[in-house]
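The opening position of the sequence shown corresponds to residue 970 in my numbering, with each subsequent residue numbered one higher. Note that beta-carbon positions come from the ideal geometry of N, C-alpha and C, so glycine has one too. The model shown is predicted, which means the values in this text are computed figures rather than measured ones. Here the structure comes first, spelled out in structure tokens, and everything after it is commentary.
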Amino acid sequence: MQKITSISQLKEAIRLLKEKQDLQGKLVKDQFYIFTESLKPVNLVKSAFRETITSPALKRNMLNIAIGIITSLFVARKIKGTHGNVLIKLFENILQIGIPLILANNQDALLSFGQNILQRIFSKKQETPDSN
970 MQKITSISQL KEAIRLLKEK QDLQGKLVKD QFYIFTESLK PVNLVKSAFR ETITSPALKR
1030 NMLNIAIGII TSLFVARKIK GTHGNVLIKL FENILQIGIP LILANNQDAL LSFGQNILQR
1090 IFSKKQETPD SN
């Protein structure tokens, strides 16, 4: 800061400092408002919920649960029969439990297989307009 030698320079320096103080005071008030808003219970719940939903681990777990439920339902409908034989019923029950377990334990392979199929489907759709 330069040396003040006259009253007009002093008044100008005071005016600039007051403007700076007003601006900083407004910024402090804005930050305080943001801080108090973030501490409200509703906003705390919203932010926690938002963080939970965007969590990659949660998305992965939800996908695993969906795969397990869908495969269990699919296997149950395809395998269920009205056989009187006890061995066939036992085999059906083993398959109903075993297939979802195998799929759950090999999720990465299943996901890459599904992505590969989707890529092939979409690449064929893109190639079709070019060949016309």
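* To do: List the whole-angstrom C-beta distance separating Ala1073 from Asn1033, where the pair is believed to meet the contact cut-off of C-beta under 8 Å.
  => With a Cβ gap of about 7 Å, Ala1073 and Asn1033 count as contacting.
* Taking C-beta to C-beta, are Pro1069 and Thr1040 nearer than 8 Å? -> Yes, Cβ-Cβ distance for Pro1069 and Thr1040 is below 8 Å.
* Under three-state DSSP, which class holds Asn1054? -> coil
* Asked: Since Phe1076 contacts Ile1036 with CB under 8 Å, what's their CB separation in whole angstroms?
  -> Correcting the residue identity first, residue 1076 is Gln in this sequence and not Phe. That pair is a contact at about 7 Å.
* Lys1015 in three-state terms, based on DSSP -> helix
* To do: Could you give the DSSP three-state label for Thr1040: helix, strand or coil?
  => Reduced to three states, the DSSP call for Thr1040 is helix.
* In the structure shown, what three-state DSSP assignment does Ile976 receive? -> Ile976: helix per DSSP, three-state reduction.
* To do: May I ask you to report which of helix, strand or coil DSSP gives Thr1023?
  => coil
* To do: Using three-state DSSP, classify Asn1062 as helix, strand or coil.
  => helix
* CA-CA distance, Ile1086 and Leu1080? -> 10 Å
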